[in-house]
Amino acid sequence: MVAVAIAAGSGGIATISHLAETVLPRYALTTVYLVALVSIGTFSVGVGAAWIVTMTRFPGVRIFEVALVLPLAFPAYVLAYAYTFLLDHPGIVQSTLRDVTGWGPRDYWFPEIRSLGGAALMLVLVLYPYVYLLARAAFLQQSASAFLAARALGDSSWRAFWRVSLPMARPAVASGVLLAVMETIADYGTVAYFGVQTFATGIYTSWFSIGDRSGAAQLALCLLSFALLLAVAERVSRGKARYHHAGKQQAALPPVELKGGKAIGVMMLCALPVALGFLLPLISLSLMGLQSEQNLLSRRYIAFISNSLTLASIAAALTLVAAISLGFYQRLRPGRLSGTAAYLSRLGYAVPGGVIAVGLMVPFAAFDNALDAWMQVNFGIRTGLLVTGSIWLLILAYLVRFMAAALGAYEGGQATVHANMDAAARSLGQSPMGMLRRVHLPILTPSLLTALLIVFVDVMKELPATLIMRPFNFDTLAVQAHRLAADERLEGAAVPSLVIMAVGLLPVVLICRQVGKRR
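The numbering of the sequence shown is this note's numbering, which starts it at 448 and goes up by one.
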């Protein structure tokens, strides 16, 4: 963050004035519109689906409890490729429509998928599971007392939900929507492919196409400020509101049995996001892949897969070690220092990958250049780019970006380790490291595996930071998919996209198992 601010200041007033007169208002307005659309969409779909599967019983409800999480396996840019193949002018849908009706290109109107609305739809379809999972967990934990009291006082089911159940679930719902918003402002692949100009695309264009490092840093600072402002605004708006249950015993919310037309209606409502966010893209990508000449077993594709797996494995392992170190330190030494460290480490998730790339590239490139100049003057040796030309700076960017996910999973499991276990281990002569190794880690194995898997898949899907920071001739599956799609070779882009999706199914299956256990 400091590096971004310094780099932005080095550009001077002229650069930011030029940006303000040309592209900055358009970037800001488009980003705000996109965030608003995604917020409304993820809230509506996520909360609605969570309430339906929690509060009602209809044929197939257990299947939908799991299926509604499946779109989380897709990156938004992969959905963009699939729906372009289906709905664009030369796509299957419009071509079939013209063949059946005999219409020409200008004889009918069809919604433009490559638009701001199309980008928002792609993001909503893959991000609503964040809201669904958190909202459903909150509804399952609520006591029926408040809801039944509202019903007894004359409120309808809808009014009791709106006035009682939803406000009680607000922290969870707000967290889910905020996660979706952070992913939206960080997204580059979808908006770039659809030609939607946001801060994320502006950073990449300024850095590579125009070569304006100061302009990229100033745009990155604007985007960073916007992300942090959203997080702070939600926290401030909540104020000092707290929730507690009046009684010690909590009765579960009674589900309502639906039959006939109502059951069919809610089945269709639940099936719609699953079909649009998972089944239809999967079918589309499979058809595209069959038409492609890409060979996953070729030396080139094996290199893409190897690069992706290498980055994801190393980044996941290092991020998990960092999360364990920080979480265990906070447990051993609770206080302002450890609390501040944990809070700052979570801010990385609110920072888009492009901003992290700029914030790391600027100081480390300056270090590499200074070291190269010093070595050449004193020893006549050119060191080149030791840090910025390696994968380690990219792995550091992943660690910063996804530390919050690993730390959250670790702390969630750590809460089950009672303080008496620590006291017993220490009284039996264990050092802090021995206590961690022999007590904490065996108990926390499921949480640690979850954290490892989540970070692994997130790194596989990450695009903006990888595009900016990857070493020369070190491409990943995400980069290959983006490059082929940018060249309008959608059939070829389907192959790496399917591999990314298949890997993304791993944590989704794990989450689905946890959903089943909770029920």
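Ideal Cβ positions, reconstructed from N, Cα and C, are used throughout, including at glycine.
Note that the structure is predicted; figures quoted are calculated from it, not measured.
List the endpoints of the continuous alpha helix (DSSP H) containing Val886. Unbroken run through Val886: none, as it is neither H nor E.
Tell whether a beta-carbon distance below 8 Å holds between Pro720 and Ala898. No, the pair does not count as a contact, with Cβ atoms beyond the cut-off.
Do you know how far the Cα of Val611 is from the Cα of Gly662? If I take the Cα positions, the gap works out to 47 Å.
Measuring alpha carbon to alpha carbon, tell me which of Gly551, Ala523 and Met629 ends up nearest Val679. Selected option, being the one with the closest Cα: Met629.
Which runs of the alpha helix (DSSP H) spanning at least 4 residues fall entirely within the region 751-811, listed in chain order? Listed in chain order, they are 783-793.
Helix or strand or just coil, what does DSSP make of Pro472? Residue state, collapsed to three classes: helix.
Beta-bridge partners of Thr503, as assigned by DSSP: Paired residue(s): Val703.
For the region 912-926 against the region 724-733, are there 3 or more C-beta pairs whose distance is under 8 Å? Note that the region 912-926 does not touch the region 724-733; fewer than 3 beta-carbon pairs, one per stretch, sit closer than 8 Å.
Using a 10 Å radius around the Cβ and a threshold of 16 neighbouring Cβ atoms, would you call Glu938 buried or exposed? Per the 10 Å Cβ criterion, buried.
So what's Glu630 in DSSP terms, helix, strand or just coil? Helix.
Local Cβ density within 10 Å of Gly649, reported as buried at 16 or more and exposed below that: Around the CB of Gly649, 16 or more other CB atoms lie within 10 Å, so the residue is classed as buried.
Backbone secondary structure at Val864 - three-state DSSP: Here DSSP, grouped into helix, strand and coil, assigns Val864 to coil.
Comparing C-alpha positions only, which one of Phe673, Leu756, Arg617 and Gly507 sits nearest to Leu476? The shortest C-alpha separation from Leu476 is found at Phe673.
Between which two residues does the alpha helix (DSSP H) containing Leu572 stretch? Start and end: Leu563 to Gln588.
Look at the Cβ atom of Ala750, then the Cβ atom of Tyr857, and state whether they are nearer than 8 Å. No, Cβ-Cβ distance for Ala750 and Tyr857 is not below 8 Å.
Can you list, in chain order, the residues of its chain whose CB lies under 6 Å from that of Ala450, leaving out five sequence neighbours each side? Counting only residues of its own chain and dropping the five nearest sequence neighbours on each side, Ala450 has a CB closer than 6 Å to the CB of Gly806, Val809 and Pro810.
Give every residue of the same chain whose Cβ lies closer than 6 Å to the Cβ of Ala872, excluding the five residues on either side of it in the sequence, and list them in chain order. So the list reads Met882 and Val886, once near-sequence residues are dropped.
CB of Met429 within 8 Å of CB of Ala941, strictly: It is not possible to answer for residue 429, since the shown part of the chain is limited to 448 through 966.
Judging by CA-CA distance, which residue of Glu512, Ser457 and Leu517 is the nearest neighbour of Leu953? Closest option to Leu953, Cα to Cα, is Leu517.
Determine the burial state of Gly707: buried for a count of at least 16 other Cβ atoms within 10 Å of its Cβ, exposed for fewer. Classification of Gly707: exposed, given that the 10 Å Cβ count is below 16.
Can you list, in chain order, the residues of its chain whose CB lies under 8 Å from that of Val500, leaving out five sequence neighbours each side? Correct list, in chain order: Val508, Phe511, Glu512, Leu515, Arg583 and Cys717.
Going along the chain, which unbroken runs of the alpha helix (DSSP H) with 4 or more residues stay wholly within the region 511-552? With a minimum length of 4 residues, the continuous alpha helix (DSSP H) runs that stay inside the region 511-552 are 523-534 and 539-548.
Here's a check: name, in chain order, each residue in its chain whose Cβ is nearer than 7 Å to the Cβ of Leu572, leaving out the five neighbours to either side. Closer than 7 Å at the Cβ level, and outside the excluded window around Leu572, lie Pro518, Leu526, Pro720, Leu723 and Gly724.
Let me check understanding here. Comparing Cα to Cα, which of Ala607, Val703, Ala949 and Arg884 lies closest to Lys908? Selection Ala607, Val703, Ala949 and Arg884 evaluated against Lys908 yields Ala949 as nearest (Cα-Cα).
Spatial distance of Ala455 from Ala621 (CA atoms): Rounded to whole angstroms, Ala455 to Ala621 spans 31 Å at the Cα level.
Just the C-alpha distance for Asp535 and Gln541, rounded to the nearest angstrom, thanks. When only Cα atoms are considered, Asp535 and Gln541 end up about 7 Å apart.
Sorted by chain position, which residues of the same chain lie with C-beta nearer than 6 Å to Phe775's C-beta, five sequence neighbours on each side aside? Only residues of its own chain outside the window of five on either side were considered, and among them Leu883 have a CB closer than 6 Å to the CB of Phe775, listed in chain order.
What do you reckon, are the CB atoms on Leu732 and Leu931 nearer than 8 Å? No, the pair does not count as a contact, with Cβ atoms beyond the cut-off.
Own chain residues within Cβ distance below 7 Å of Ser653, not counting five before or after: Here the set comprises Asp659, Gly662, Ala663 and Leu666.
Leaving out five residues before and five after Ser760 in sequence, what residues of the same chain have Cβ atoms less than 8 Å from its Cβ? If we look at Ser760 and ignore the five residues flanking it on each side, its Cβ neighbours are Phe903.
For Trp556, which three-state DSSP category applies? In the three-state reduction of the DSSP assignment, Trp556 falls in the coil class.
Unbroken alpha helix (DSSP H) run spanning Thr835, endpoints: For Thr835, there is no enclosing alpha helix (DSSP H), as DSSP marks it with neither H nor E.
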